[in-house]
Each structure stands twice: as C-alpha cells, then as structure tokens.
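Input: a single structure, listed below in structure tokens.
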RNA sequence: GUGGGUAUAGCUUAGUUGGUUAAAGCGCUGGUUUGUGGCACCAGAGACCAUCGGUUCAAGUCCGAUUACCCACCCCA
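In my numbering, the protein residues as written are 35 to 467.
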C-alpha cells in the first residue's frame, strides 16, 4: 500500500457516482436490442444518426432550454475549462442537434432534415426510480416543415416503435400549447384566474404563478387540483392557426388508428415548445412515468440565431423504457451462445485449439477455447456454463492423428472431424446437423 | 432543496427477551484414481455485521449521529 492511499476514501474509488448506473455484461444485450430496434425504425422513416459532443457552451442551453427553467436554473452540470469558458454537459439532446444543424448548414442538403440520436444526458437531480443523473435519451428531430402531417407522422413513428416492442401499457396524451401569441394570452388568463385563490394555493404553486402558471394545472395537491378544475383551458385560447393545426394533427392520428387522449394539462418544462406537445405515459414504473415526451418547437432555430425554421421532435428515456419492459416481463432475445468450444490439453493441444478457434471465428462463428490453463473437467464445465453447442477435445493424440471428436453438448452425439485441410468440411457437417 | 424507508459474504436472506468462534441457500474455485460437462457428494475462498460514538459486565441486536442506497415531493425523458 502506498502512503497516499491511506488518505483517500476508498469509496471514491470503488463506488459509482450517485445517480449513475453500470450496464453489466449480463444486461447489455437488452440495451443493444432496444437501441437497434429504435434506430432501425428511425432509418425506415428516413432519419439519419447525428452525433454531437457531450458538452456544449453553457450559453446554448441557457438560450434553448430557457433561463427560467428548472433544468437550467438548478440541474445543469456546468464548469469552467482551464481556458475559462463555461461548459455544460448536455441536459437533453435537442439543443446540440439544432446547434450542429445550424453550424454546419445542414439545411443546404435540402429540407426536411431528419435526424435521430442516442446519447447520454446529465442533470443534477435527486435520483429516484426512473430518474438518474446520467441517463440516456433516444430522440428524433425533424426540421423544416410546419405541416401538421409532420407532427402526426412523428407521433405515429413513436407509436409504432412501442408496438414493435410489444409494449401495450403506454397511453398517448397530446395537447397544444399554442404559439407565443396565443400562449401569452392563455398564460395571462391563468394568472388572472389563479390570482383569485392566492391564499389557498400551495407554496410551490404560488411561486409558479409568475414563473410558469401552466404548471399549476399539474399540481398534485388536492386544493390546487380542485382550483385547477375550473381554470381556463389552453385549447380555448388557441388562435385560428394553432387550433387548425391541432385539429389536423388529431385527424391524421385518427386516420392512422393511433389511440390518444387530449390532455390539456400537459405542459412542457422546456421553453422551446410550441403548438403540439405529447407524452407517452406508463403507470408501471413509478412516479416518473413519462417514457417519451416531445412536440413542436417552431421558434427554436431562430432563437439560436438561424433563419426561422419550424421544427419538432421527441426524446425517449432509455432507462424508463427498459424498466417498463422489465415490468411488463417482455422477453428480449438473449445473446447467441458459443457455437463450439475447443478444449486444449497439454502444450501442443492448446496450440491447436487456439489455432482452430481463430479459424472458426474467422468464418463468423462464435468459438472459444481455454485461456486459463484449466483441467479437462474444468474446461468442460466452463463450456457448459457458456452454453457451448459443441465441444472438441484436442490433446496429443488429436494433434498427432489430425483427427478429433466433436460432441453435441445437448444430445451427447459425437462426430469425427479432421484437423487438416478437410477441417471445415468435416466440422460443418456436424455443426449444422 | 424537503420528506419517508433500508443497511449482515459477490447475490438473496436467517440471527431468539442483548450472552461463546455470526449461519444458510445460490454463485465462485478446486476435488470425487489417470482424456469428456450438467446431477450428486466433499473441500476451499469469501463478512472489520455501512461508519463513528453512546448505554451495558456483555451490542449484529438497544440509543444517537454520519454516510450510502431505495422511494416520494419538485422537475423531467
């Protein structure tokens, strides 16, 4: 032990940071399966992957997510570089994608722009079920179309992703929060309404009254809930254009057979949302039940300094999705087991097992051999444990005669194989049987 | 930031009204006559009982604090 180690709290070395998770070897296949399913579906819809840095200039998030939001005010991992610039680990995926699109003038490739991403995000929150400080979002972004068919198409895409995963437990809730013009009117109406009950509202709602009155609609306190019953509804304040847009979205969803409920209480916590907003919500994974959330953000690109460009998108919480699949007992295809395990005995046998393993691997089959110098018995045991379909024992005899026996581990059947140039021929006969 | 719950081996847990050397299952490693796995049997490794302090002749057990984890509020995916 070196002297320094004594002074260090070993928990700092052997414990993961609060709010982070390890995806262990026995679990990673689930992530891979879901990631592939999502990106495959995105590709089918014409989306291409975009990868942006984990960190960005802090100003980007301040501007896009919104200075007054909780995310910006208290949840960002912000720090100064040695050069003195303020950097922030991305708290969500939309801002980075929008920035990259603008910076690289991707719109010159033609509109609409369709991108998807699958990235880690960081928020300094108190962890609980479905909420981590490092979490993963799969998201899709669509730029350059104001048509309601884009909204419907996007929602429909998410819907079909969940259907592909055989998830039935989610309900789709949609709403429109209008454009800045009609939303301002609505917010004023809310303020006027709730101001009458200033003495009854809970403390948090009182603070929300100025900051974000729409949040009061969502409060769980019974008193606030009661008051909110008769509060003005967004949908009554939508301007003609927003109203028409929302109706068209609904019409298209109906037409596609996508089931949803209109929930006028859905509010997004990020400033950039306009018009259509939606959530896919579950009751099976605890209090943080929103597995996927998204909507339209027509003002975002302009807000970031680009030419006005309508946009929309969604983000899907990977941890929540996986935990939902777990809760619903949805079985995912497990990784392929070892095809053949070569048991090497003695120096020449080990060498030959080593060579054959490589050869089989080169042909695209999962093969393995001993790298621990274990006994025959231990190697057999190990082969069984990793679910090897076949084993081949290779010792001095096999090396000398260039012949070996391949055993089917399930049936116990045995086949003769040659280790010379006829290896593949003889190996394949048994292997495919 | 505010609450509630939990803390014994890698995992799941037992541990009596405080009383010898803290127990089991699973898992892990090895063995059961020389070159064929699973099953069974045997053996081994593995726990400063989260940490610090207090009460007591005596604390895994009672009390307090701290820390970590889990859950909820808040907020969001």
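Every residue, glycine too, gets a C-beta built ideally from N, C-alpha and C.
Range covered by the beta strand (DSSP E) that runs through residue i
i	result
residue 174	168-177
residue 345	345-351
residue 122	120-123
residue 401	401-403
residue 152	147-156
residue 326	324-330
residue 210	205-210
Nearest-angstrom beta carbon gap, residue j and residue i [assumed within contact, 8 Å]
i	j	result
residue 310	residue 420	With a Cβ gap of about 49 Å, residue 310 and residue 420 do not count as contacting.
residue 178	residue 141	7 Å
residue 132	residue 338	6 Å
residue 280	residue 206	Incorrect: roughly 15 Å between the Cβ atoms, too far for contact.
residue 428	residue 387	5 Å
residue 52	residue 167	7 Å
residue 449	residue 443	The pair is not a contact, with the Cβ atoms about 12 Å apart (cut-off 8 Å).
residue 146	residue 286	Not confirmed; about 16 Å, so no contact.
residue 416	residue 373	Rounded, the Cβ-Cβ distance is 15 Å, inconsistent with contact.
Cβ neighbours of residue i in the same chain (closer than 6 Å, five flanking residues each side left out)
i	result
residue 220	268 and 271
residue 332	308 and 344
residue 397	none
residue 366	64 and 67
residue 129	94, 95 and 98
Check whether residue i and residue j have beta carbons under 7 Å apart
i	j	result
residue 231	residue 265	no
residue 430	residue 380	yes
residue 257	residue 225	no
residue 375	residue 412	no
residue 127	residue 150	no
residue 347	residue 69	no
residue 135	residue 125	no
residue 335	residue 354	no
residue 433	residue 383	yes
residue 292	residue 213	no
residue 299	residue 251	yes
residue 469	residue 199	Outside the displayed range of the chain (35 to 467) lies residue 469, so it cannot be described from this structure.
residue 276	residue 216	yes
Residue range of the alpha helix (DSSP H) that includes residue i
i	result
residue 468	A question about residue 468 goes unanswered here, because the residues of the chain that appear run from 35 up to 467.
residue 258	256-263
residue 276	274-290
residue 459	457-466
residue 130	128-137
residue 109	Here residue 109 belongs to no alpha helix (DSSP H), and DSSP marks it neither H nor E.
residue 187	182-198
Own chain residues within Cβ distance below 8 Å of residue i, not counting five before or after
i	result
residue 318	203, 358, 361 and 362
residue 368	63
residue 163	319, 320, 321, 322 and 357
Close beta carbons around residue i, own chain, < 7 Å, minus the five adjacent residues each side
i	result
residue 103	303, 304 and 305
residue 249	242 and 301
residue 122	89, 90, 92, 95, 110, 111 and 112
residue 137	none
Hey, is the region 151-160 in contact with the region 247-255, meaning 3+ C-beta pairs nearer than 8 Å? no
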